[in-house]
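Here is the structure we will look at.
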Amino acid sequence: MEQYIINKLPNILKLNINIKTLKYISYDNSNNEHLTHSKKTAIDFDSVKNLYNIKDNNNIFELQSNDALYIDKNKIHYFIEFKNIQIVKNKHRKIKKELQLKIYDSIFILSDIEYSNGIKYISDIFSFSKNYIIYILVYNSNKNSSLQIHNNLENKSKMLSDKLGLSKFTKFLLKEVYIYDEEEFEREFINKIIRNEP
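Given below as structure tokens:
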């Protein structure tokens, strides 16, 4: 992310402990592997969520969140979720519910973030999310080999989006939804969309 973008963010988003590389954010400590090796920086949204849960300790439940938030030069906000597990088959209903909850909770957290003067970071979250928030799910291709038979990226992404219940978010709550394996993420997001950004 560009430093000037980070500088304009509310404190909870721009704290040094929250700005990390995508490589760091994608790390799965239970399997000791990263889903990307990109050194591009993003907001560790799990860390933001943890600070938010502490701040709002009147909550009787802890909110969930997507792993990363990347904001580009055009103010497009990319929520990125890294899944180093099998995303379809056995437990896909559980994963489907978890992914949807993380989207709702992440948007809720974003809607409640304020600058130090009390002004909301995003004043109209519903309109903003439909026009400026894109969701990206990144999965490990080695753990989802059955998905590799789909040659067409767009068809595979739509099929997975339907199966995981993410299609309903497009144009309703999110601008777009993309589902990539780790190589597609590098090619389509890191090397195309944010190629010229730090």
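Number 139 in this note's numbering belongs to position 138 of the sequence shown; there are no gaps in the numbering.
The beta-carbon is built from N, C-alpha and C at its ideal position, and this holds for glycine as well.
A quick note: this is a predicted structure, and the numbers were derived from the prediction, not measured.
Original post:
Out of L64, S158, I120, K121, which has the shortest C-alpha to C-alpha gap to I137?
Top reply: Counting from 1 along the sequence shown, the entry for residue 137 is found at position 136. Comparing Cα-Cα distances from I137 to each of L64, S158, I120, K121, the minimum goes to S158.
Subject >> H78 - partner residues in DSSP beta bridges >> reply: By one-based count along the sequence shown, residue 78 stands at place 77. In the DSSP assignment, H78 forms a beta bridge with I72, I134.
**OP:** Sort I180, E63, S168, I7 by Cα distance to I72 and report the nearest one.
**Re:** Start at 1 with the first residue of the sequence shown, and residue 72 comes out as number 71. Comparing Cα-Cα distances from I72 to each of I180, E63, S168, I7, the minimum goes to I7.
**OP:** Report the option in E3, K193, L10 whose CA atom is closest to the CA atom of I123.
**Re:** Within the sequence shown, residue 123 is the residue found at index 122, counting from 1. Cα-wise, what sits closest to I123 is L10.
**OP:** Report the three-state DSSP secondary structure of E189 (helix, strand or coil).
**Re:** Residue mapping note: residue 189 aligns to position 188 of the sequence shown, counting from 1. Correct three-state label for E189: helix.
**OP:** Please look up how many angstroms separate the CB atoms of T37 and F186, rounded, as I've assumed it's under 8 Å.
**Re:** Mapped onto the sequence shown, residue 37 falls at position 36. Mapped onto the sequence shown, residue 186 falls at position 185. Contact between T37 and F186 is confirmed by a C-beta separation of about 6 Å, below the 8 Å threshold.
**OP:** Find the nearest neighbour of V49 within the set N30, E34, L70, S39, judged by alpha-carbon distance.
**Re:** Numbered from its first residue, the sequence shown carries residue 49 at position 48. Answer by Cα proximity: L70.
**OP:** Measure the Cβ-Cβ separation of S39 and I191 and say whether it is below 7 Å.
**Re:** Counting from 1 along the sequence shown, the entry for residue 39 is found at position 38. Counting from 1 along the sequence shown, the entry for residue 191 is found at position 190. Yes, they are a contact pair.
**OP:** Rounded to whole angstroms, what's the CA-CA distance from N118 to L16? Just pull it up for me.
**Re:** As a position in the sequence shown, residue 118 is number 117, starting the count at 1. As a position in the sequence shown, residue 16 is number 15, starting the count at 1. Going by the C-alpha atoms only, they are around 17 Å apart.
Original post:
Hey, how far is the Cα of I104 from the Cα of Y28?
Top reply: Within the sequence shown, the letter at position 103 stands for residue 104. Within the sequence shown, the letter at position 27 stands for residue 28. Taking the straight line from one Cα to the other gives about 20 Å.
Subject >> N85 and N141 closer than 7 Å at C-beta >> reply: In the sequence shown, counting from the first residue as 1, residue 85 sits at position 84. In the sequence shown, counting from the first residue as 1, residue 141 sits at position 140. Yes, these two residues count as a Cβ contact at 7 Å.
Original post:
Under three-state DSSP, which class holds Y122?
Top reply: Along the sequence shown, one-based indexing puts residue 122 at 121. Y122 falls in the coil class under three-state DSSP.
Original post:
Who pairs with E34 in a beta bridge, going by DSSP?
Top reply: Within the sequence shown, numbered from 1, the residue matching residue 34 stands at position 33. For E34, which the question treats as bridged, DSSP gives the partners D29.
Subject >> Expected contact under 8 Å - CB spacing of L23 and I44 to nearest Å >> reply: Locating residue 23 in the sequence shown gives position 22, counting from the first residue. Locating residue 44 in the sequence shown gives position 43, counting from the first residue. The pair is not a contact, with the Cβ atoms about 11 Å apart (cut-off 8 Å).
**OP:** Out of F127, I96, S107, state which residue places its alpha-carbon closest to the alpha-carbon of L64.
**Re:** Residue mapping note: residue 64 aligns to position 63 of the sequence shown, counting from 1. Of F127, I96, S107, the residue nearest in Cα terms is S107.
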